[in-house]
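Per this note's numbering, residue 3 is the first one in the sequence shown, and the count goes up by one each step.
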Amino acid sequence: MPTIPVLLDVDTGVDDALAILFAVAHPDIEVLGISCVAGNASLERVVENTLRILDVAGAPDIPVAAGARRPLISPARSASHVHGEGGLGTVHLPPCERTPAPVNAVELMRRLITESQRPVTVVALAPQTNLALLLRQYPDLAENIERIVFMGGSASVGNATAVAEFNVWHDPEAAAIVLDAGIPTFMYGLDVFNQVSVDRDVATALETGDSGYGRVVGALLANRVARSENSAAEYTGLIGDAGALCALVDPDALTTRLMPVRVELTGYGRGQTIVDQRRRVGEDILHGTAGSWEVVEVALDVDAPRFARLFLDTLSLSPLAN
Numbered sequence: 003m004p005t006i007p008v009l010l011d012v013d014t015g016v017d018d019a020l021a022i023l024f025a026v027a028h029p030d031i032e033v034l035g036i037s038c039v040a041g042n043a044s045l046e047r048v049v050e051n052t053l054r055i056l057d058v059a060g061a062p063d064i065p066v067a068a069g070a071r072r073p074l075i076s077p078a079r080s081a082s083h084v085h086g087e088g089g090l091g092t093v094h095l096p097p098c099e100r101t102p103a104p105v106n107a108v109e110l111m112r113r114l115i116t117e118s119q120r121p122v123t124v125v126a127l128a129p130q131t132n133l134a135l136l137l138r139q140y141p142d143l144a145e146n147i148e149r150i151v152f153m154g155g156s157a158s159v160g161n162a163t164a165v166a167e168f169n170v171w172h173d174p175e176a177a178a179i180v181l182d183a184g185i186p187t188f189m190y191g192l193d194v195f196n197q198v199s200v201d202r203d204v205a206t207a208l209e210t211g212d213s214g215y216g217r218v219v220g221a222l223l224a225n226r227v228a229r230s231e232n233s234a235a236e237y238t239g240l241i242g243d244a245g246a247l248c249a250l251v252d253p254d255a256l257t258t259r260l261m262p263v264r265v266e267l268t269g270y271g272r273g274q275t276i277v278d279q280r281r282r283v284g285e286d287i288l289h290g291t292a293g294s295w296e297v298v299e300v301a302l303d304v305d306a307p308r309f310a311r312l313f314l315d316t317l318s319l320s321p322l323a324n
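Below you can see the structure in the form of structure tokens.
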């Protein structure tokens, strides 16, 4: 089977790091380049984290470029309460000799998409500011984009707010622009994101093992987050954004539906991905008040143990965990 040419768009915190490690290791994925955006951490920190994670992975010379420092309209907001001030939780990696590309993220994405002999899959694991700027400036590039897989949104509850997921909430205008670009789109949202985890004893075995690579993965999995204001930080073991890459190579492990989706841009619901799950036509449609929606393939459920196994197997860590 031919590999899938992929562009990653990241705001490298803990879960983006796990996704990068998976993407580099999986034989069916060819990472053409990585664009960086502020989100989980500052842009400078995101770029440095990305370069250092590639070094941990022993990756080839994959171009990495810095992009947007802030959303299109809103100010940048910190996610240090989840990812720590450095973006990688308790993981502190040594500096590496890799350097970012001497062009901005939009130019790198434009060049790689244009030069690719096959349509490119864009996997967006961050606020979609870079991608929105790219598609606004170069709309014809859509012809050489196979589809957009994004980690973001939710068909149920949110995390940044009661209804909005962080990546979309951080730059809802960008997410709306990307949905409106006419490119086939797949949403790997919180409905599945929060299901896929690695058992605590497995993460502990990795974190305390002999492999430096395994210790980094174990420490990233062991990053602890308080689930509520009055609770202590606890182990979740989520593979996070790596699940969107698992979806790319093992889509049969998911339950999905093509459904109308829109991004709410005003009020408390700002940043919510409204997913129309109705089975019959509603009054808003009958009376012409529904507004515009885009049809998106939405992941609703996942075989979580299957994705967890795929993640560990791809990183060649299952034997270390036994």
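Cβ atoms here follow ideal geometry from the backbone N, Cα and C, with glycine treated the same way.
- Cβ atoms of R202 and L208 stay farther apart than 8 Å, at about 11 Å.
- Residues of the same chain with a CB within less than 6 Å of the CB of V200, apart from the 5 flanking positions on each side, are L223, G239, A310 in chain order.
- Per the coordinates, the alpha-carbon of V219 lies some 28 Å from the alpha-carbon of M3.
- Taken through DSSP and simplified to helix, strand or coil, G211 comes out as coil.
- A direct Cα-Cα distance of roughly 8 Å separates P141 from A183.
- A distance of 7 Å or more separates the beta carbons of L260 and A249.
- When the alpha-carbon of A61 is set against those of E50, R71, R100, the nearest one is in R100.
- Put simply, of V298, V297, V283 the residue whose alpha carbon is nearest the alpha carbon of T291 is V283.
- P307 carries a helical assignment under DSSP once its states are collapsed to helix, strand and coil.
- For V48, there is no enclosing beta strand (DSSP E); the enclosing alpha helix (DSSP H) covers residues 45 to 59.
- Considered as a whole, the stretch 133 to 207 harbours 147 to 153, 187 to 190 as its complete beta strand (DSSP E) runs of no fewer than 3 residues, in chain order.
- Counting only residues of its own chain and dropping the five nearest sequence neighbours on each side, I147 has a CB closer than 7 Å to the CB of I115, P121, V122, V124, I185.
- In this structure, the straight-line span from the alpha carbon of D315 to that of A107 is close to 31 Å.
- Annotated three-state conformation of E266 is coil, per DSSP.
- Per DSSP, the beta-bridge partners of S37 are D11, A67.
- Burial check for I150: the Cβ neighbour count within 10 Å reaches 16 or more, so the residue is buried.
- I115: member of the alpha helix (DSSP H) spanning 107 to 117, first to last residue.
- Assignment of beta-bridge partners to R259 by DSSP yields V300.
- At the C-beta level, Q139 and A177 stay beyond 7 Å of one another.
- Collapsing the DSSP output to three states places E285 in a helix.
- The C-beta distance from A67 to L110 rounds to 4 Å, short enough to meet the 8 Å contact threshold.
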